[in-house]
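To start, the structure under review is shown below, and the notes come after it.
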Amino acid sequence: MFIAKQLLGAVLASLAAVFVLGQGEQSSWPLHNNGLNKVIEWDHYSFLVNGQRMFLFSGEQSFNTFSIYNHWGFHNPAPGVLDFETGSHNFTSIMTLAKELGLFMIVRPGPYVNAEVNAGGYPLWLTTGEYGDLRTDDPKYTAAWMPYWKKVSEIVRPHLITNGGNVIMYQIENELGNQWTDIASKALNVPAANYMQLLEDSARASGIDVPLSHNSPNMNGYAWSKDFSSSTGNVDVVGLDSYPSCWSCNLSECTGTNGEYVAYKTQEYYTYFTKQSPTQPNFMPEYQGGSYNPWGGPEGGCPNDIGADFANLFYRNLISQRVTAISLYMIFGGTNWGWLAAPVVASSYDYSSPVAESRSIGAKYYETKLLALFTRAAKDLAKTERIGNHAYSPSSTVERFTLNVNTSDGPLTIPMHNVSDRKVPAGNIISGHRSKIIVTDFKFGNFTLVYSTAEILTYAVIGDRPVLILYVPLGESGEFRVRGSANRPSIFDVEETSPDSSTYAAYLSSDKRTTTISFTPVRPDGMELVRFREGPQIILTDRDTALRFWQPMLANDPLGNQSVIIRGPSLVRSARINATAKRLDVFGDADRAYQFWAILPREITSVLGFFVSHGQVGDNRLSYNLTALGPWKYDDSLPEIGLDYTTSNETWIDIQLCPPDTHNPVLYVDEYSIHVGNHIFRATFPSTTTPPTSLFLNITGGNAFGYSAYVNSKYIGSYLGLSYSGAGVIELSLANATLTPATSGVDNTLVVIMDNSGHDLREAAVAPRGITNVTLLGPSDRSEGGKGYSFTSWKIAGTAGSATGKIVDPLRGVLNEGGLYAERVGMHLPGYPDSKWPVLSPAAGGKTTTLSVPGAGIRVFRTTVPLKVPSDIDVSIVFKLTAPGYASYGEPSNKGYSNRLRALLFVNGYQYGRFNPYIGNQVRFPVPPGVLDYDGKNTIAVTVWSQSAEGVEVKVEWGVEYVRKTAVDFGKMGKGLRAGWDEEREIYA
């Protein structure tokens, strides 16, 4: 059970699980601060802000906090180069916005940040191995991170809550659990401890005076807690990260941490916190908001066991374990644009989050919002004791039960009355993978909710009226007792839109002290109002209707009490009172027709909804038609294989051969400041009287990477890649290549193109990428006792500017594009001169959506399409790429065309999709406004790399995920973020 006596008693019930929390006989726990200020304090129970306890729930709407990572590599693209100003590199606006919206912020600046981003968020120049041991006090590593760390701290400093901002916490490192070489003896890992201390000391020296925090990766260790030790490197507050249903759709990744997977089985954290941090709040800096989808994972992610029921059961379970600070990871995952991702994930980082990658919100978000509203209203949740515990959560049966509870009216068995005469089963009901919080002695105004078998949605004082909202699932009964009124309340239907009442509500008992009422919602979208003469009002509704309630705050105080209650819109972003006009202005979205309903202060006489068009509330006819993509133009994007191709110093880096072993020079790309995307190697070797017959290649590029090889412009083969392997070893025959005669004096040309899916996580970020071994095999090779074959030259081309150390596109950043010819010369950018390109023949009846490469090679395709989205409409636009082999694809246009391809989708210069149909299953690629110009022309470019001699094809389409009325003019977004082509790009050909 889970409880809170006196001020709040609560029982959390789930299937086969009862937890009790209480307030009452509480131990004396010390109140902590960091010695720099008392704005943020904490103790065994919770965090306090200016002396006020808070239940910290990190997310967006209806939450009170959100967190952000800062990406060291994004801001520090080259040694000595820091960029916190260009385009989205400037993150100060999000801190300003947090203040304006009334949301606290947790800043997590690394230096290492995340296992699913390229090299964990390190700058990729750090991956060469020349910067010492990572995540230690190695002086080389310290010198590398110190400039970034000082600068990001200085930027955050003015936005700290101690300086009038809303940043309340600053995380040091991320999931670094190695404080000890031996936990039992507390033998300190000195290099790691000194590293943590250096980070903390630097942050403090730069003016960071809010609590410094850290997140343990799992419950296998006890690190950085002042409760556990007094050792070097300890932070102010520690927390625990947990993904009880696995952080990946590939459940096998988590068995080492979580054990055997059992759907809907919760984990026990309470005992861990009593040892790791007993005088600190039970804090979850990362708690499972979803799971990432690895290469080869199911299209659309893995929401089945981590959907709305997961949110209902697992997040309430945290409350049962006295967790009072929760940050969901992710509440919104978004997209791994460019080459941001680590090798384990593709373009989508939807994460099966409450807010989808397409920005749509559904059942999981609304379910999470229910609890967020309750935790904001139930102030006493921030100070509870655990009284009892019995739990087993995976059951999915329907349970009916009564509960014995202690209340201010004495011991009670609830529900107290049988309502079976209404054909509703008696007792409390929990169906499937659900849980309920049943409160006792909940204060609202001068009244007390002695008990309620219905859940509390929220409580607020609107003007001078206390308003409490209770809900139960449709067809179930709720029973509650109220103390505080000497008069019997009136009950009536709120909307009266039907002659049949939406909710059966009846008095069960009433005296001068208390009133007991039972209610049963029987029709969706209905509400009953219980009105007491003394002022308080209780709204009774069904659970589905409760999902559409919103409670926007009217001031920018995250702990404030000024709010209104609104029901109807799909999303309420914010609300404010126009005192002069006596009007409430509501900003939000509407996805359908609905009835707008609100509880407002008495002085408000009208409502203006900025998502409403022409006075209508919602519109069932909302639609937006996209024009078909096309016409498409195309050009070659692999001229490097041509025998007449000329390399240039601006693009190509000469690789020094190292005698006597000249057949294997150093071919790791990071050694040459080439880090992301596709890389092209070009080598020469002489012909001999006993020429080579095959080529051996061992290349490393991360999971799902691949490569192709050409000799004298002829295709000799490809490594297609595997979702689970980062290295590819093959031997390719040279039979298809015509080698130069031994007497010609002309060398042969080898071209190898590879893609690089990113660097690994943590210290493994230094694992090399590139060619480990390339050997010509044949009659004279060393295995046959011959002298072997040698290369006479090697060159490598990467991203534009990499050969000279220039950052060509600082706006989009160094992670956006790779080293394909089309990328280097800017064919993916708006304004590239493509007037002389050939045009694809239109399909029957209109524009073609099929892009093909008739053999092995790479082509780039471009089209420009306009958008004219009305300013009061939000349209979610999703690109869809498919290839032969998909069930819905049909027959290819050429019998031999296959899905052995690698395609990149560019939208206005931003890479927003990596499509590897031979390996992965992602076909949908959402692109947000700002990247897309909703009020102008959009340049769409697709590179298609065929790894098949027979050719490949891909269909490229786009569609609308949803259309909503909105208060936001998305056409104004991104005006300065879509820089076009510059002729300087031509030097990188």
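In mature numbering (1 follows the signal peptide of the UniProt record, and there is no 0), the protein residues as written are -22 to -1, 1 to 967. No residue lacks a Cβ here, since even glycine has one placed at the ideal position from N, Cα and C. From a predicted model like this one, the values you see are computed outputs, not experimental measurements.
Between residue i and the rest of its own chain, which residues show a CB-CB distance below 6 Å, the 5 nearest in sequence each way excluded?
i    : result
V550 : W528, P530, I544 and G566
C227 : S269, N271, G275 and C280
D913 : G949
M505 : V472, I517 and T519
F839 : W610, Y612, L829 and V920
E132 : S184
G596 : Here G596 scores only 46 on pLDDT, less than 50, and its place in the model is too uncertain to base an answer on.
Measure the C-alpha to C-alpha separation of residue i and residue j and round it to an integer number of angstroms.
i     : j    : result
S601  : V941 : 6 Å
K950  : G267 : 31 Å
P820  : K611 : 11 Å
K414  : P125 : 49 Å
I965  : G199 : 54 Å
N899  : G908 : 27 Å
K77   : H137 : 9 Å
A162  : T244 : 27 Å
A861  : L381 : 57 Å
D947  : G699 : 43 Å
R135  : L79  : 19 Å
D829  : V932 : Reading off the sequence, residue 829 comes out as Leu, not Asp. Rounded to whole angstroms, L829 to V932 spans 5 Å at the Cα level.
E961  : T782 : 17 Å
I582  : F574 : 15 Å
E649  : K118 : 17 Å
A576  : Q515 : 13 Å
V901  : V322 : 17 Å
W815  : T827 : 17 Å
D21   : E345 : 29 Å
S(-9) : L351 : Residue placement at S(-9) cannot be trusted, given a pLDDT of 48 that sits under 50; the coordinates are not used to answer.
N236  : R364 : 24 Å
V460  : T492 : 5 Å
N11   : D283 : 40 Å
S813  : M805 : 12 Å
I897  : Y864 : 12 Å
N28   : L537 : 10 Å
Q594  : Y572 : At Q594 the pLDDT is 41, less than 50, meaning the model places this residue with poor confidence and gives no usable figure here.
V635  : A687 : Checking the sequence, you will find Leu at residue 635 rather than Val. Looking at the two C-alpha atoms, the distance is approximately 21 Å.
F44   : M147 : 11 Å
Since residue i and residue j are thought to touch, with beta carbons under 8 Å apart, how far apart are those beta carbons, to the nearest angstrom?
i    : j    : result
A743 : G142 : Rounded, the Cβ-Cβ distance is 37 Å, inconsistent with contact.
Y23  : A360 : 6 Å
I785 : A56  : 7 Å
V301 : L607 : Not a contact, Cβ separation roughly 48 Å.
A286 : K342 : 5 Å
With a CB to CB cut of under 7 Å and the five nearest residues on each side skipped, what residues in its chain are close to residue i?
i            : result
K129         : L60 and F62
K204         : N212
I72          : I46
residue 1048 : The question about residue 1048 has no answer here: the residues shown for the chain are numbered -22 through 967.
E741         : L112 and R113
Kindly list the residues whose CB is nearer than 8 Å to the CB of residue i, restricted to its own chain and excluding five residues on each side of it in sequence; keep chain order.
i    : result
N534 : K77, E78, L79 and G80
Problem - Complete runs of the beta strand (DSSP E) confined to the region 410 to 457 [at least 3 residues] - result: 413 to 422, 425 to 430, 433 to 440 and 443 to 450
Exercise for the section: Jot down the residue ranges of each uninterrupted beta strand (DSSP E) in the region 511 to 594, minimum 3 residues, whole runs only, in chain order. Expected result: 515 to 520, 543 to 545, 549 to 556, 561 to 568, 575 to 577 and 584 to 587
Problem - Runs of alpha helix (DSSP H) lying entirely within the region 786 to 837, each at least 4 residues, in chain order - result: 799 to 802
Practice task
Would you mind listing the beta strand (DSSP E) stretches within the region 84 to 160 that are 3+ residues and don't spill past its ends, in chain order?
Solution key: 145 to 149 and 158 to 160
Practice task
Flag this pair as touching only if the region 725 to 741 and the region 88 to 103 have three or more C-beta atom pairs under 8 Å; answer yes or no.
Solution key: yes
Problem - the region 309 to 320 contacting the region 85 to 97, beta-carbon criterion three pairs below 8 Å - result: yes
Practice task
Could I get the ranges of all uninterrupted beta strand (DSSP E) runs contained in the region 238 to 305, with 3 residues as the minimum, in chain order?
Solution key: 260 to 266
Problem - Given 8 Å, three or more beta-carbon pairs between the region 432 to 452 and the region 414 to 424 - result: yes
Problem - At least 3 beta-carbon pairs within less than 8 Å: the region 169 to 178 vs the region 202 to 222 - result: yes
Practice task
Tell me the start and end of each unbroken alpha helix (DSSP H) in the region 313 to 342 that is at least 4 residues and wholly inside, in chain order.
Solution key: none
Exercise for the section: Run through the region 161 to 191 for me and flag every whole alpha helix (DSSP H) of 4 or more residues, listed as ranges in chain order. Expected result: 168 to 183
Exercise for the section: Take every Cβ of the region 723 to 731, pair it with every Cβ of the region 649 to 665, and state whether three or more of those distances are shorter than 8 Å. Expected result: yes
Problem - Stretch pair the region 215 to 227 + the region 247 to 262: three plus CB contacts closer than 8 Å - result: yes
Problem - Whole beta strand (DSSP E) elements within the region 39 to 69, 3-residue minimum - result: 43 to 47
Problem - Cβ contact check for the region 452 to 461 and the region 488 to 501: 3 or more pairs under 8 Å - result: yes
Exercise for the section: Mind listing, in chain order, the continuous beta strand (DSSP E) runs of no fewer than 3 residues lying wholly within the region 620 to 681? Expected result: 630 to 633, 655 to 663 and 672 to 678
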